[in-house]
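No gaps in the numbering here: position 201 of the sequence shown is 374 in our numbering, and each next residue is one more.
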Amino acid sequence: MTKASATVTGSDDDRGRRPSLQLGSFSSLAVEPPCFSQEIFECCRDGDLERVRKLVDRSTVNMRDFTGRRCTPLHIAADVNVCDESGLIPLHNGCSFGHVAVCTLLLKHRSNINAQDLWGYTPLHEAAMKGKVDVCILLLQNGADSALTNVDGKIALDIADPSTKAVLTGEYRKEDMLEAARSGNEELLLSLVTPFNVNVHASDGRMVFFNDSLLFRFTLSRVTLQYA
């Protein structure tokens, strides 16, 4: 994707701000987007999980078109990686507005987790600068590249809200993670572990991996090893 030669200016309060473009708008000069393209952007913005699920469900491939949109059967399933005029994909919208369930569904349908818009912003940039903690964790757990930079050379951490900086430095709920490993709470550990905190240290110097291993938490060891 060719990045626009735009720069972000302003005070510290303007971090992450870029020229205002309506999310999910399409250029009139561009090729007409596939059916449902605009709708999937709007549904991801609004967090309408059921509608997004229907739009991306390819089991409806033989559905008849009763709406007059002239869609072919293959158009019925929306493209999760369709771009708007600013290079955003639906996942950017879901992340920007903090809709974890919608983002999870899009990733399940192979949405590009590292897609960059015309200013180089990834879904992780969006979630980080908007303070969407749970979405940041989800993205990191699914392989988001935290080292990608926008056109100003900023990674997600550089423009992150204070609440999401902790996620991107591995400090978020550190004690809860250690306690989850100690007590064998796999559900909690799974909800918190990322590549940034898998080696977090307790006050006695033990790491999460060693903490659960010493207690013979083999399931938890498997969980943490995949992020090591």
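Think of the CB as a built atom: it goes at the ideal place given N, C-alpha and C, for glycine as much as any other residue.
As the structure is a computational prediction, the values presented were derived from the model and not from experiment.
- DSSP places I262 outside both helix and strand once states are collapsed to three, so it counts as coil.
- F214: member of the alpha helix (DSSP H) spanning 210-219, first to last residue.
- CA-CA distance, I328 to N254, rounds to 22 Å.
- Excluding its 5 nearest sequence neighbours in each direction, N323 has C-beta neighbours in its own chain below 7 Å: W292, G293, Y294, H298, listed in chain order.
- By the neighbour-count definition (other C-beta atoms within 10 Å, threshold 16), K281 is an exposed residue.
- For L321, there is no enclosing alpha helix (DSSP H), as DSSP gives it neither H nor E.
- DSSP places R224 inside the alpha helix (DSSP H), whose first and last residues are 222-229.
- In the three-state reduction of the DSSP assignment, K305 falls in the coil class.
- Contact between the segment 302-318 and the segment 328-347 is present: three or more C-beta pairs spanning the two stretches fall below 8 Å.
- G326 is positioned such that its CB atom lies no closer than 8 Å to that of F270.
- Shortest Cα-Cα distance from R224 to any of D307, A274, V308, S259 involves A274.
- Spatial neighbours of C276 in its own chain (CB-CB distance under 7 Å, excluding positions within 5 residues in sequence) are listed in chain order as L264, G267, C268, V308, L311.
- Boundaries of the alpha helix (DSSP H) around E348: 347-356.
- The residues Y345, in chain order, have a CB closer than 7 Å to that of A339 in the same chain once the five nearest residues on each side in sequence are set aside.
- For E344, the secondary structure class from DSSP, reduced to helix, strand or coil, is coil.
- With fewer than 16 other CB atoms across the displayed protein chains lying within 10 angstroms of its CB, G316 is exposed.
- Here A320 has I328 as same chain residues with Cβ atoms under 8 Å from its own Cβ, once five neighbours each way along the sequence are excluded.
- The C-alpha of P296 lies about 29 Å from the C-alpha of A354.
- Counting along the chain, C276 sits inside the alpha helix (DSSP H) bounded by residues 273-281.
- For L363, the enclosing alpha helix (DSSP H) has its first and last residue at 359-365.
- Between A251 and L228, the beta carbon gap of about 4 Å places them in contact (Cβ cut-off 8 Å).
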